[in-house]
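Numbering (our numbering), first residue to last: 79 to 375.
All C-beta atoms, glycine included, are put in the ideal place defined by N, C-alpha and C.
In this text, all values refer to a predicted model and were calculated from it rather than measured experimentally.
A quick write-up on the structure given underneath.
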């Protein structure tokens, strides 16, 4: 079934298309080929002994694809929020994301950086992660391995290097694991007795360490969802703003919460039921602390 057809792009996107399929459709579109010819011609004219056109050709594909995806998103506007919309956004953000991830990794390994540059790279990564979260929430993929493999295939189609594709596996494995714990926590919290509402957060909130905002017994609680008890404990022992709390999602892939092989993106129903009772106790404790804090003011 054809979802969209663009006369200007000679491009079809079928409902249910994955990341690699849509990347291929972009590469085969007339708009992509036209832009690519113009840019490659420009590179050829600018080539000198100090300029390596071959390496530049390899970089061109990803940014041309990003630009075409961006144009399609702007053309659609807010008229269609189909899941495939988010895959186009993923492709649009992809070249900036992989660059930002690699820079952040170099900073962690001791490379000098300016604070503003690090914040900018984090914003780029968080924005990309939000798109990944939306794709998972939409149910376009059911297994973590399938999503990672499809993104890597799309990167191969768009001219990313072998090293970048290998790095993407590492980055995506970490990101997707975090996102599925966050989504699982949201599902469980929405089913927890006494919870009035659960809100996903903005990029600014995410950068401040808040993944979910929970309304519970008159309190508004910012939660930083962690995938293990130890990481939640360590975060709570660090300096945090008042009203924000790190919380273990309550899910553990080792006990089959994400399927027998720990590869599912969504938690099992039994796991959600078990975790609801844990959240009830934790929210009660956090609410008591919040009430006590407000009384002292």
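Where residue 363 falls: helix, strand or coil (DSSP)
Against the chain shown, residue 363 aligns to sequence position 285. Here residue 363 sits in helix by DSSP.
How big is the Cα-Cα spacing for residue 117 and residue 105?
On the chain shown, residue 117 is found 39 positions in, with the first residue counted as 1. On the chain shown, residue 105 is found 27 positions in, with the first residue counted as 1. Distance from the CA of residue 117 to the CA of residue 105, rounded to the nearest whole angstrom, comes to 14 angstroms.
Considering only their Cβ atoms, is the gap separating residue 345 from residue 265 smaller than 8 angstroms?
By one-based count along the chain shown, residue 265 stands at place 187. By one-based count along the chain shown, residue 345 stands at place 267. In this structure, residue 345 lies closer than 8 angstroms to residue 265 by Cβ.
Under 8 angstroms between the Cβ atoms of residue 147 and residue 119?
Position 69 of the chain shown, counting from 1, holds the residue named residue 147. Position 41 of the chain shown, counting from 1, holds the residue named residue 119. No, they are not a contact pair.
Who pairs with residue 275 in a beta bridge, going by DSSP?
To locate residue 275, count along the chain shown from 1; it is residue 197. Here residue 275 is bridged, per DSSP, to 293.
Just the C-alpha distance for residue 258 and residue 333, rounded to the nearest angstrom, thanks.
Position 180 of the chain shown holds residue 258. Position 255 of the chain shown holds residue 333. In this structure, the straight-line span from the alpha carbon of residue 258 to that of residue 333 is close to 15 angstroms.
Cutting at 8 angstroms between CB atoms, please list the residues of its own chain near residue 323, excluding the five before and the five after it.
As a first step, residue 323 is located in the chain shown; it is residue number 245 there, counting from the start. Excluding positions up to five away in sequence, the list reads 299, 300, 301, 302, 314, 364.
Residue 197 classed as buried or exposed, judged by whether at least 16 other C-beta atoms fall within 10 angstroms
To locate residue 197, count along the chain shown from 1; it is residue 119. Here residue 197 is exposed, its C-beta having fewer than 16 other C-beta atoms within 10 Å.
Let me confirm a value: residue 248 is counted as buried when at least 16 other C-beta atoms fall within 10 Å, else exposed. Which label applies?
Within the chain shown, residue 248 is the residue found at index 170, counting from 1. Taking a 10 Å sphere around the C-beta of residue 248, we find fewer than 16 other C-beta atoms and assign the residue as exposed.
I'd like the span of the alpha helix (DSSP H) that includes residue 184, first residue to last.
Taking the chain shown and counting its residues from 1, the one referred to as residue 184 is at position 106. Going by DSSP, residue 184 is part of the alpha helix (DSSP H) stretching over 161 to 186.
If contacts are defined as beta-carbon pairs under 8 angstroms, then residue 211 and residue 288 qualify, I think. What distance do you get, rounded to the angstrom?
Numbered from its first residue, the chain shown carries residue 211 at position 133. Numbered from its first residue, the chain shown carries residue 288 at position 210. That pair is no contact at about 14 angstroms.
Between the C-alpha atoms of residue 161 and residue 207, what's the straight-line distance to the nearest angstrom?
Position 83 of the chain shown, counted from the first residue, corresponds to residue 161. Position 129 of the chain shown, counted from the first residue, corresponds to residue 207. Using only the alpha carbons, I get a separation of about 15 angstroms.
With a threshold of 7 angstroms, establish whether the CB of residue 257 neighbours any heavy atom of the ligand FAD.
Annotation note on the ligand FAD: not contained in the displayed structure, which lists no ligands.
Look at the alpha carbon of residue 182 and the alpha carbon of residue 285, and state the distance between them as a whole number of angstroms.
On the chain shown, residue 182 is found 104 positions in, with the first residue counted as 1. On the chain shown, residue 285 is found 207 positions in, with the first residue counted as 1. If you draw a straight line from the Cα of residue 182 to the Cα of residue 285, it is about 14 angstroms long.
Just list the residues that DSSP pairs residue 335 with in beta bridges.
Start at 1 with the first residue of the chain shown, and residue 335 comes out as number 257. Residue pairing by DSSP puts residue 335 in a beta bridge opposite 337.
Residue 267 beta carbon less than 8 angstroms from that of residue 276:
Working through the chain shown from its first residue, we reach residue 276 at position 198. Working through the chain shown from its first residue, we reach residue 267 at position 189. In this structure, residue 276 places its C-beta atom within 8 angstroms of the C-beta atom of residue 267.
Which same chain residues, not among the five before or five after residue 201, have their C-beta less than 6 angstroms away from its C-beta?
On the chain shown, position 123 is the one that residue 201 refers to. Contacts found: none.
Could you confirm whether any beta carbon from chain D is found closer than 8 angstroms to the beta carbon of residue 185?
You won't find chain D in this structure, because it holds only one protein chain.
Taking 8 angstroms as the threshold (C-beta atoms), are residue 357 and residue 279 in contact?
Reading the chain shown from its first residue, position 201 is the one you call residue 279. Reading the chain shown from its first residue, position 279 is the one you call residue 357. Contact: no.
Euclidean distance between Cα positions of residue 245 and residue 273
Counted from its first residue, the chain shown places residue 245 at position 167. Counted from its first residue, the chain shown places residue 273 at position 195. Approximately 39 angstroms, taken between the alpha carbons.
Among all the DSSP beta bridges, which residues are the ones paired with residue 300?
For the purposes of this step, residue 300 is taken as residue 222 along the chain shown, with counting starting at 1. In DSSP, residue 300 forms a bridge with 291, 322.
Rounded to the nearest angstrom, what separates residue 130 and residue 109 at their Cα positions?
Here the question's residue 130 lines up with position 52 in the chain shown. Here the question's residue 109 lines up with position 31 in the chain shown. With a pLDDT of only 49 at residue 130, under 50, the local geometry of the prediction cannot be trusted, and the value read off the model is given with reservation. If you take the alpha carbons of residue 130 and residue 109, they lie about 26 angstroms apart.
Using the Cβ count rule (16 or more neighbours within 10 Å means buried), how would you classify residue 126?
Stepping through the chain shown from its first residue, residue 126 is reached at position 48. Low confidence applies here, because residue 126 scores a pLDDT of 37, under 50, leaving its location unreliable; read the following figure in that light. Residue 126 counts as exposed, since fewer than 16 other C-beta atoms from the protein chains shown sit within 10 angstroms of its C-beta.
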